[in-house]
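Notes follow once the structure below has been shown.
Chains as they are written, first to last, in the numbering used here: chain A, 155 to 548; chain B, 3 to 246; chain C, 5 to 296; chain D, 137 to 393; chain E, -5 to 326.
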């Protein structure tokens, strides 16, 4: 029977597969000599393709730029850093397999990544089991709220950004707000925090609408929000649809001011929303306008230096994702430099946890045994979009 | 305007089923020939093989001396051979006029003959002129058959093949259609008519062939065949055939 | 609910709906001539937008860029049929459908390689404040979307009803054999259908990009919506596809208004399923013999 | 006694009445033929009796039990088998498998039992044996391993008959079993039909090959335009003017042709 | 001689396959490879079920990823929240997916062709929204993490080798059961139904019941695969169970060849492995890996097109031809 033929063929294929890696083992073995100039091997799991490709590519750019800078300056304690990149194609299963590969076959000390929250969470179990720290560049609150001693995070999670933006809205006198969020991880997480913290900030959510990635028109949701007559509208969204919201709001002649968070802190939002982006306020980190750090401060120097080097190398300004990645590789390099004794994943984790006052792009990081995000609301500023670019509000 | 159709040693079938076995027949220019025989004898298959809907396994078909064996149907119709297929195969959701215009698709867009042929078809079947805008699926069976004939004529054929034009129609309508066929023949068109109604077909045709089991069993002038006992046997059986 | 507010929902629904209608028409045109569902139809939509932005970036004015994008996409549709599908026609519809799935993967991925992973923007055709209609606001670009949809539908109607080619296409969708007996080259008609379907998808992508931006991955979601619209109306009937698209858009918009924006996709698909279970051939379809 | 009793069976398609108030009986152990020109409604009649198409009116009783409107597979299981005008064989499967699928009716094996089995069950071995036996009965044993699509046309007809027999029917409805067969094949078919009748299976045959019909049928039912126009023994039918007109066309002086 | 081959080959084959499965971790304890092979094993189970439904019974389902999701979430919930043993959770996942299949099949199987495709596709989209929104059970869009490893008889299977062996053990048992079904009355009835429904009816086959049962079984197998996936990967999110995955499943069956089991299973192995080519070729340069990853979707699409163009009957068709070829040699 044809049906049973399968079993024999499966066997043959499996045998073939089994034999292949056997030959490969010796290759790996040779790489593990321990000289002084041997590079520190760090893995990076990025979404270079798939839905989050727009995040992964600037992240990779920033990491490559920083690694070159560090190595050109003699590396960390005389040893260069080598980053092994993996593309998870915005697929949680792939990020997990990539993590396992990096840990087992590349013997990395730590993994930078992933670009997305779901992809980061998918890597966690294997990293914990192997005892390899993860420095995530995704903003989901769950990454550090659901605490793991092995997982660190560089961006400001919604836990920090949402209360900041709500406070700013309240301060501007907008006490009733309409919320529109996407149904992806970022929007849902943000929506949870908005609903949880609105009372604390003294604002009331009078309309609560959502949309899906790929939707082409949000005017129905906005019509519903408009009918609730809020003082202002808060957009908690990532991706190209956020620009549609701004456009739809303007087309519906809505007079309410629009607010948002890190999700719309992208040049593509301004491009996409065009005129409608004018006057939109958003709370996020300071990299968009480095003057926010205060001229002459160390933070300002770090940011302007990175911006100019990034522009030289890639011809565009770095966005916030590049900033997240700068911090991730920078934090690792900083921790490596502080390790006394043998450098292992364990000692690297311990050193990361002792990070204190490290100045990066997303802010000044101080990790602790209970805080693996290390940032506060102080790193936030409110921007207003004017003349097609960001300016500090007020 | 008619041309001569010759079919020589044609064999054809579906997959492994041989339906036609070495069929030879001819239609002279301007002649009406009928092919009769009981169901399943292979008459429709023969027409399909001639019109190109079925690829013959062996044998040749020539039209006015030009070989058309194995040509694609869309090319054969340009050689001025048209088939009124079994079941009519009208474009049901389309109007009468649209069906007629599609019938002229094989001719150049600016062919002046198209307008003339449209007139001729409407003269032949005045109903088609009255019902031009009607959806053809809503026509009665007889009207549909007239449309099918009219549509075939729109390609300006020299040889017209008809597959059971009387099937399922009332006698009065059948009479009208056959009257039209007589007119066409008198205008010089060559006609190969497949019919199950033997008496009817033989009354109108010049010559006839009787098909049985995929082969030609009898042939001759129509009036002779009408009186032939064997024709009846071919249909209703009875004693085993002597010719076998 | 005020009348103006209700009207606003209707306008939103008709706006999405006319895009679904254009994409659904693309499905219908190909289905009519081949009996297969072209899974690459959403990618034609994507290519329309992405290519317009690209041509615009080269310095062409928006209308010319759009025209060029529609023409290029149509050409790609024709090439796709000619070189990937035609030789496989005898292999059966399933194989053809798989080829369109593979084709959609390749088109999508190539678009990412060529045009980058980020979203791309296009200015509105006629910028300016929205227009007030009985208290409801209508974007100028929405008028363009409707205008182009109407033009496309009228042109398609004219093509189908009034031209030799259109008659041949309709004949072909009723019966390939009968069409061939009339001297119609059915292989050519199939190729032309792919060109028209691609052009319709691209036109939708072009019209909507100023509103929504576009990107290499914009095709999948709209492809599903267009397929749903085509099925809702009843496959193979162009008028039904347009109605199906508009109904789907309205369903979504009114779900937001009266039920929940979170479940609008689920609601509209559930309605579609209920329609299918009650009327297996779609709202307007006649029980036509399926080819799969 | 009448094994199959058809009363007032009617089926309309749009404006056309394909089967018009047809009644007849089939007696156990007999061979009945149904004839009529193209489009007379013979195949539709078969579809109505066997549950492939629902009648608009009328009833079918089989062995005294009402089976009108029942699902086709249930009618088959109750002992009324059929073949099709255009053979409906399982083309990719071997002849043996074709027959075995029908013989499977006697095998008790659902998903669970099948999934957990080891080797062939006793019932299956029996059904394979039965299938082989039926292929021999139909005279096509040498084709057992051939794919149905690879078989010559005549043997395909016989295969479909063997398959129908495998459902252990009491009545078998054959739709044009001789269509496309040559003289020798028809002879083989006739012999097979006699063997089947002698094995106790009642036969109803739609056929155009009048030689065959006149030879084997004990009684003939003639349909024209959906209605019964004659019923009786072959010799009477051959002389029936209504039948002759239906077939050869009317000598229609009255309509002016 | 043919009879003996029929009777013995599946058991011999499964013994060989089991040996091969067992040999992999012995020959190479490579965790990455094992992880990838777990994905492969899971897909083999899904495809075995879909090959039954679509390849043999001819009923298309563009919603199988949703059944995988139902199994995955149900099992994760039963074990994680309710505290049931893993085995019970996995069975619950399988049962609920099968029940879902049954409920969908009852009305949907009245539909044919493209309409059935649309109905199952719509079901997938609706379930996707449900996975996303039923956050108390599913964790929402960010996914559900920390799912415990499978546990059998109090023994936690938490080593990569253990998980791999469990998944493939189940996969081989499923293949054996499915192969048995295909060799038995229901399998023959499915092929009959696929070939011609009228013919099947004429053989007394209850085609409606058969379709519904097959749909439920196929959905159940997808659910079982989902339960295994959830507990061996430890993290699930709605994105894994989306429409695009369902389309891939259908594509795998077509590439593998309708009417075959071996073909689709081979296609499942090959197409699941394709994105992880670096797991198989360890010496592959980093640039080559990056290039491969960048062009993965193109390669995938072109491979699909190429297979159906070069072998319209799929891999299964090629196998049949090979077998016929071999049989021919044997006679000489």
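For glycine and all other residues, C-beta sits at the position ideal for the given N, C-alpha and C.
Contact with chain A by residue i, beta-carbon distance below 8 Å
i	result
residue 4 (chain C)	This structure gives no information on residue 4 (chain C), because the portion of chain C shown stretches from 5 to 296.
residue 67 (chain C)	no
Coarse secondary structure for residue i, derived from DSSP in three states
i	result
residue 163 (chain B)	strand
residue 188 (chain A)	With a pLDDT of 43 at residue 188 (chain A), under the threshold of 50, the predicted position of this residue should be treated as unreliable, though the coordinate-derived value follows. Of the three classes helix, strand and coil, the one that applies to residue 188 (chain A) here is coil, per DSSP.
residue 380 (chain A)	helix
residue 291 (chain C)	With a pLDDT of 47 at residue 291 (chain C), under the threshold of 50, the modelled position of this residue cannot be trusted, and the question is left open.
residue 213 (chain B)	strand
residue 328 (chain E)	In this structure chain E extends from -5 to 326, so residue 328 (chain E) is not present and cannot be described.
Among the options, nearest to residue i - alpha-carbon criterion
i	options	result
residue 329 (chain E)	E:195, E:241, E:311, E:300	A question about residue 329 (chain E) goes unanswered here, because the residues of chain E that appear run from -5 up to 326.
residue 247 (chain E)	E:12, E:287, E:265	E:265
residue 343 (chain A)	A:355, A:310, A:327, A:322	A:310
residue 279 (chain A)	A:349, A:294, A:305	A:305
residue 218 (chain D)	E:274, E:202, E:193, E:237	E:193
residue 173 (chain D)	B:201, B:170, B:205, B:37	B:170
residue 190 (chain C)	B:23, B:58, B:75, B:4	B:75
residue 286 (chain D)	D:260, D:225, D:216, D:192	D:225
residue 109 (chain A)	A:504, A:511, A:478	Absent from the structure is residue 109 (chain A), since the part of chain A shown begins at 155 and ends at 548.
Residues that DSSP places opposite residue i in a beta bridge
i	result
residue 390 (chain A)	A:335
residue 257 (chain D)	Partner(s): none; residue 257 (chain D) has no beta bridge.
residue 233 (chain A)	A:230
residue 308 (chain D)	D:217, D:339
residue 22 (chain B)	B:14
residue 290 (chain A)	A:307
residue 360 (chain D)	D:363
residue 170 (chain B)	Residue 170 (chain B) pairs with nothing; no bridge assigned.
Chain D within 8 Å of residue i, Cβ atoms only
i	result
residue 146 (chain B)	no
Within-8 Å CB hit, residue i to chain C
i	result
residue 127 (chain B)	no
residue 79 (chain B)	yes
residue 371 (chain A)	yes
residue 412 (chain A)	no
residue 79 (chain E)	no
Below-8 Å beta-carbon distance, residue i vs any chain B residue
i	result
residue 288 (chain C)	no
residue 234 (chain D)	no
residue 295 (chain C)	A caution first: residue 295 (chain C) carries a pLDDT of 31, below 50, which makes its placement in the model unreliable, though a value can still be read off. No, because no Cβ of chain B sits closer than 8 Å to the Cβ of residue 295 (chain C).
Interface flag, residue i vs chain E, CB-CB below 8 Å
i	result
residue 197 (chain D)	no
residue 189 (chain D)	no
residue 267 (chain C)	yes
residue 359 (chain D)	no
residue 247 (chain D)	yes
residue 177 (chain C)	no
Counting pairs of Cβ atoms below 8 Å between the region 155 to 165 of chain B and the region 83 to 92 of chain B, do you hit three or more? yes
So, do the region 306 to 314 of chain D and the region 141 to 153 of chain D have three or more beta carbon pairs nearer to each other than 8 Å? no
For the region 57 to 71 of chain B against the region 98 to 114 of chain B, do three or more pairs of beta-carbon atoms, one drawn from each stretch, fall closer than 8 Å, so that the two count as touching? no
Check whether the region 333 to 343 of chain D touches the region 160 to 169 of chain D, counting contact only when three or more Cβ pairs, one atom from each stretch, lie closer than 8 Å. yes
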